[in-house]
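Inspection log for the structure reproduced underneath, given as structure tokens.
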Amino acid sequence: MKIQKSFSKEPKGILYLVPTPIGNLADMTFRGVETLKEVDLIASEDTRNTQKLLNHFEIKVPQKSLHEHNYKERIPEIIALLKQGKKIAQVSDAGMPSISDPGHELVEACIAADLTVVSLPGATAGMTALIASGLLPQPFYFHGFLPRKKNIQKETLTTLNDQTATLIFYESPYRLKATLTNILEVFGDRQVVVCRELTKLFEEYLRGSASEIITYLTEHQLKGEICLMIAGNNQVDEELPVFEGSLKEQVEKIIQTGETSKEAIKLVAKQQNLKKQDVYKAYHEG
17 MKIQKSFSKE PKGILYLVPT PIGNLADMTF RGVETLKEVD LIASEDTRNT QKLLNHFEIK
77 VPQKSLHEHN YKERIPEIIA LLKQGKKIAQ VSDAGMPSIS DPGHELVEAC IAADLTVVSL
137 PGATAGMTAL IASGLLPQPF YFHGFLPRKK NIQKETLTTL NDQTATLIFY ESPYRLKATL
197 TNILEVFGDR QVVVCRELTK LFEEYLRGSA SEIITYLTEH QLKGEICLMI AGNNQVDEEL
257 PVFEGSLKEQ VEKIIQTGET SKEAIKLVAK QQNLKKQDVY KAYHEG
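Following this line, the structure appears as structure tokens:
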């Protein structure tokens with residue numbers, strides 16, 4: 017077990033995980049800007065992309081690239097600097113580091129080395145799109161990108177079919193129709209929300225059944241970043257507790273588990289395939 021005191025007064029190196037805007041630069045937080053100005057180094061997924069952000073906010077801190085192709089050799093360098101007391105910010109091209117972007121391996125290495133990791137709140141596409149989607153916001157299941165190959169993608173979707181939570185995926189606009197076709201085949205014709213170009217000038221939400229949106233995509237080619245949300249499976253039967261005895265005794269036993277009498281009557285009626293009125297009468301008059 018390890019305990020991290022993020023803001024102790026002892027001078028030490030700190031890794032800051034700093035979210036960056038997913039489109040609109042005005043979404044950068046004050047704390048995010050100040051942190052980027054105060055650190056000694058910025059570890060960036062793409063230094064050219066991040067430099068545009070730094071120029072906009074007049075940030076002069078040097079960068080070092082950190083991405084999926086160089087993290088094995090780069091992480092030891094960053095750990096060494098943190099052990100020297102340096103403060104380093106890690107950013108991805110857009111949104112939260114580690115969420116479908118580089119960052120997790122560096123966090124793991126810092127924790128293993130007993131170094132402090134501080135996460136800043138900020139923009140993330142999945143949550144931003146979800147709350148405006150109209151689908152149930154909780155529970156939700158964030159998956160990120162699905163596999164590209166059809167058979168592997170369908171296998172992955174099959175494992176998610178019983179999820180009752182709203183599902184959140186990221187997808188390329190060029191693969192969206194094929195992915196929705198697989199979703200229709202595996203999940204059935206559920207409600208779908210497609211959000212594109214989130215926070216940007218051409219932000220757009222498409223809300224409808226999977227089949228409706230597939231039909232729309234046969235005539236329209238979407239562009240930009242895509243967040244794909246699917247309603248959870250509401251056909252999954254909950255496993256009901258099994259109680260024996262008279263209807264009244266069954267209701268009483270369920271009440272003992274913490275349920276209200278109303279909910280207990282409903283459960284017994286469903287389990288015994290009876291009308292709620294019949295169970296209600298048996299409970300109160302039995």
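Following this note's numbering, the numbering of the sequence shown begins with 17 at its first residue and continues without gaps. All C-beta atoms, glycine included, are put in the ideal place defined by N, C-alpha and C. Nothing here was measured: the structure is a model prediction, and the numbers come from that model.
DSSP places residue 99 inside the alpha helix (DSSP H), whose first and last residues are 87-99. For residue 160, the enclosing beta strand (DSSP E) has its first and last residue at 156-161.
Residue 160 and residue 292 have their C-alpha atoms spaced approximately 42 Å apart.
For residue 241, the closest C-alpha among the options 221, 251, 250 is that of 221. A contact is defined here as three or more CB-CB pairs under 8 Å, and the region 190-200 meets this definition with respect to the region 151-169. Within a 10 Å sphere around the beta-carbon of residue 76 sit fewer than 16 other beta-carbons, which makes this residue exposed. Per the coordinates, the alpha-carbon of residue 33 lies some 52 Å from the alpha-carbon of residue 285.
Around the beta carbon of residue 17, fewer than 16 other beta carbons lie within 10 angstroms, which makes this residue exposed. The Cβ atoms of residue 269 and residue 298 do not sit closer than 8 Å to each other. When the beta-carbon positions are compared, residue 199 and residue 246 come within less than 8 Å of each other. Of all alpha-carbon atoms in 176, 118, 98, the one lying nearest the alpha-carbon of residue 62 is that of 118. Here residue 38 is near residue 110, since their CB atoms are less than 8 Å apart. Contact holds between the region 93-104 and the region 124-132, because three or more Cβ pairs, one in each stretch, are under 8 Å apart.
Looking from the CA of residue 212, the closest CA among 162, 149, 205, 203 belongs to 149. Shortest Cα-Cα distance from residue 187 to any of 179, 209, 51, 202 involves 209. Listed in chain order, the non-local C-beta contacts of residue 48 below 7 Å within the same chain comprise 34, 35, 136, 138, local neighbours out to five positions each way being set aside.
Taking the Cβ atoms as the reference, residue 181 lies roughly 4 Å from residue 157, within the contact range of under 8 Å. From the listed residues 23, 24, 73, the smallest Cα separation to residue 46 is found for 73. Going by C-alpha positions, residue 54 is about 19 Å away from residue 82. Under a 10 Å Cβ-count criterion, residue 94 is classified as buried, with 16 or more other Cβ atoms of the shown protein chains found around its own Cβ. Judged by beta-carbon spacing, residue 107 lies beyond the 8 Å limit of residue 184, meaning their Cβ atoms are not closer than that value.
By the 16-neighbour rule on beta-carbons within 10 angstroms, residue 51 is buried. Between residue 134 and residue 22, the C-beta spacing is below 8 Å.
Residue ranges of uninterrupted alpha helix (DSSP H) with 4 or more members, entirely inside the region 244-292 and ordered along the chain, are 263-271, 277-288.
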